[in-house]
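Chemist: Okay, handing you the structure first.
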Amino acid sequence: MTTHPRWPYAALDPTAHRPTPLRQFVLKMHSRCNLDCSYCYLYRGRDDGWRDRPPRTPEPTMRRTAARIAEHVRAHGLDRIRVELHGGEPLLAGPEPVLAYARAVREAVPAGCRVTATVQTNGTRLTDTALDALAGAGIRVGLSLDGGRAAHNARRVDHAGRPAWPAARAAARKLAARPESYAGILCTIDLDADPQDVYRSLLDLAPPGVDFLLPHANWAHPPPGQPPGRPGRHRPRPTPYGDWLAAVFDDWWDGGRPRTRVRLFQEIAALLLGAPSRAEAVGLSPVAAVVVETDGAIEQVDSLRSAYPGAAETGLDVFRNSFDQALRHPGIAARQLGERALAPECLGCPVGRVCGGGNYVHRYAPGTGFRHPSVYCADLERLVRHVADRLERTVRGSA
3 MTTHPRWPYA ALDPTAHRPT PLRQFVLKMH SRCNLDCSYC YLYRGRDDGW
53 RDRPPRTPEP TMRRTAARIA EHVRAHGLDR IRVELHGGEP LLAGPEPVLA
103 YARAVREAVP AGCRVTATVQ TNGTRLTDTA LDALAGAGIR VGLSLDGGRA
153 AHNARRVDHA GRPAWPAARA AARKLAARPE SYAGILCTID LDADPQDVYR
203 SLLDLAPPGV DFLLPHANWA HPPPGQPPGR PGRHRPRPTP YGDWLAAVFD
253 DWWDGGRPRT RVRLFQEIAA LLLGAPSRAE AVGLSPVAAV VVETDGAIEQ
303 VDSLRSAYPG AAETGLDVFR NSFDQALRHP GIAARQLGER ALAPECLGCP
353 VGRVCGGGNY VHRYAPGTGF RHPSVYCADL ERLVRHVADR LERTVRGSA
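Heads up: the sequence shown begins at 3 in our numbering, then just goes up one per residue.
In structure tokens:
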């Protein structure tokens, strides 16, 4: 049995706030992966619950999940939702199960609800035939890479130690030739890689957008390049990730190349200008996402598995429970509270409303839980202040 930390599980009344309906449904296609990436928090992390899941999502589970999504859409009058088809590697069984799951959801929801579907893949199984089928069904494809060169992706190998890069590069080229199907690239930051080289090499793959991800870490297990320490807003503190991202921001902001979307930078800039956030990495907008595992279990986001075994569990499933019931789960409710979920140090921080305490997962400390500043607190402040400074200089220069 999972032992959850005090906050939010013992300290939060999930009925004391008005929940935001779910609009993003992460549907697991396959609970196994053909790669063995050295930094993977799921298959090399502390939570091995994936071993007990069925490798593939059975058709009855797909149908039941689709019915629950439709129930939620009708209950809240939603006119659009996002469906993200994930793994493991979701294309391990080919494109057919992905097509079937997306079709089941689209057929179940009311006619007035638009379903945007994306499959997130490592690219190694993305054949021309698979891409044709996905494109024909209006399913866009996102790639997971660590950069646009073989050296950047040295940590991404299969279970025999063979590099994934040749197949991933071929997938990127296929997608570049099909921009209507290209959703973008997710890139986990590696401090050992030159930030400008990573960014520019990714641009060579012609993605419509790039999302730079901080490695999942917390106060018990700090990220590479950071020393351990007690939770808090410590200053002075090294900011290797903030420095890395600031260097990429300058290249993105100043570069003469066509500027692709970089989600983190656009979100921070928008927040500084007073717009609401749309991503969980920064800002205070409520998170409206949920995961359905291959056995139909309703869970919180996968990244919580990097905190402790069972951290993502809710005890709910699509066969017995509605998504409205999931909204009342303490862990899901906590991520919709905005400022009320922040640590006191964050409430008094001058950039707190922009960084939003950082990714919820990165706030974890054993015993006390998730009401702490992010383990990347100093890095986030470094990046936010850098973006603010560049914006201010641009505005002054155009005045």
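Glycine included, every Cβ here is placed at the ideal spot set by N, Cα and C.
Quick check: the stretch 242-253 against the stretch 187-201, are there 3 or more CB pairs under 8 Å?
Modeler: Output reads yes: the stretch 187-201 touches the stretch 242-253.
Chemist: Out of curiosity, what's the CA-to-CA distance linking residue 75 and residue 119?
Modeler: Cα-Cα distance, rounded: 16 Å.
Chemist: Of the residues 287, 294, 125, which one's Cα is nearest the Cα of residue 355?
Modeler: Nearest C-alpha to residue 355: 287.
Chemist: At which residues does the beta strand (DSSP E) containing residue 204 begin and terminate?
Modeler: Residue 204 -> not in any beta strand (DSSP E); alpha helix (DSSP H) instead, spanning 197-205.
Chemist: Just curious, the beta strand (DSSP E) that residue 120 is in, first and last residue?
Modeler: Note, residue 120: beta strand (DSSP E), 116-123.
Chemist: Taking the continuous beta strand (DSSP E) assigned at residue 14, which residues delimit it?
Modeler: Residue 14 -> no beta strand (DSSP E), and no H or E assigned at all.
Chemist: On a Cα-Cα basis, can you pick out the residue from 285, 327, 326 that is closest to residue 382?
Modeler: The shortest C-alpha separation from residue 382 is found at 285.
Chemist: For the putative contact between residue 302 and residue 290, defined by C-beta atoms under 8 Å, what is the C-beta separation to the nearest angstrom?
Modeler: About 12 Å separates the two Cβ atoms, so there is no contact after all.
Chemist: The beta strand (DSSP E) that contains residue 26, what's its start and end?
Modeler: Note, residue 26: beta strand (DSSP E), 26-30.
Chemist: Could you compute how far the alpha carbon of residue 137 sits from the alpha carbon of residue 183?
Modeler: So the two alpha carbons sit approximately 6 Å from each other.
Chemist: Taking C-beta to C-beta, are residue 193 and residue 227 nearer than 8 Å?
Modeler: Yes, these two residues count as a Cβ contact at 8 Å.
Chemist: Helix, strand or coil: how does DSSP classify residue 183 here?
Modeler: DSSP places residue 183 in helix when its eight states are reduced to three.
Chemist: Between the stretch 315-328 and the stretch 349-368, do three or more beta carbon pairs fall short of 8 Å?
Modeler: No, the stretch 315-328 does not touch the stretch 349-368.
Chemist: What does the Cβ neighbour count give for residue 307, buried or exposed, with the cut at 16 atoms within 10 Å?
Modeler: Label assigned to residue 307: buried.
Chemist: Tell me the rounded alpha-carbon separation between residue 225 and residue 218.
Modeler: Roughly 7 Å between the two C-alpha positions.
Chemist: Quick check: what's the CA-CA separation for residue 166 versus residue 151?
Modeler: So the alpha carbons of these two residues sit roughly 11 Å apart.
Chemist: Short check: CB of residue 81 to CB of residue 116, under 8 Å?
Modeler: Yes, they are a contact pair.
Chemist: Applying the criterion that 16 or more other CB atoms from any shown protein chain within 10 Å of the CB defines a buried residue, is residue 40 buried or exposed?
Modeler: The residue is exposed, with fewer than 16 neighbouring Cβ atoms inside 10 Å.
Chemist: What residues are listed by DSSP as bridge partners for residue 371?
Modeler: 9, 367.
Chemist: Measure the beta-carbon distance from residue 191 to residue 212 and round it to whole angstroms, keeping in mind my assumption that it falls under 8 Å.
Modeler: About 11 Å; that fails the 8 Å criterion.
Chemist: Between 376, 380, 345, 372, which lies nearest to residue 9 when the distance is taken from Cα to Cα?
Modeler: The shortest C-alpha separation from residue 9 is found at 372.
Chemist: Between residue 242 and residue 43, what straight-line distance do the alpha-carbon atoms span, to the nearest angstrom?
Modeler: Roughly 21 Å between the two C-alpha positions.
Chemist: When the Cα atoms are used, what is the spatial distance from residue 17 to residue 155?
Modeler: Each residue's Cα considered, the two are about 45 Å apart.
Chemist: How far does the beta strand (DSSP E) with residue 84 in it extend, from its first residue to its last?
Modeler: Residues 82-88.
Chemist: Considering only the beta carbon of each residue, do residue 30 and residue 88 sit closer than 8 Å?
Modeler: Yes, Cβ-Cβ distance for residue 30 and residue 88 is below 8 Å.
Chemist: Starting from residue 211, follow the alpha helix (DSSP H) in both directions and report where the run begins and ends.
Modeler: Per DSSP, residue 211 belongs to no alpha helix (DSSP H); it is in the beta strand (DSSP E), 211-215.
Chemist: Beta carbon of residue 298, beta carbon of residue 63: below 8 Å?
Modeler: Cβ distance < 8 Å, so residue 298 and residue 63 count as in contact.
Chemist: Looking only at its own chain, which residues have a Cβ that is under 6 Å from the Cβ of residue 277, when we skip the five neighbours before and after it?
Modeler: Once the five neighbours on either side are set aside, residue 277 has no close Cβ partner at all.
Chemist: Please identify the residue among 310, 388, 146, 393 whose C-alpha is closest to the C-alpha of residue 365.
Modeler: It is 310.
Chemist: Can you tell me where the alpha helix (DSSP H) with residue 131 in it begins and where it stops?
Modeler: Taken as a continuous stretch (DSSP letters only), the alpha helix (DSSP H) holding residue 131 covers 130-138.
Chemist: Measure the C-alpha to C-alpha separation of residue 257 and residue 394 and round it to an integer number of angstroms.
Modeler: If you take the alpha carbons of residue 257 and residue 394, they lie about 18 Å apart.
Chemist: With the cut-off set at 8 Å, would you say residue 274 and residue 390 are in Cβ contact?
Modeler: Cβ distance < 8 Å, so residue 274 and residue 390 count as in contact.
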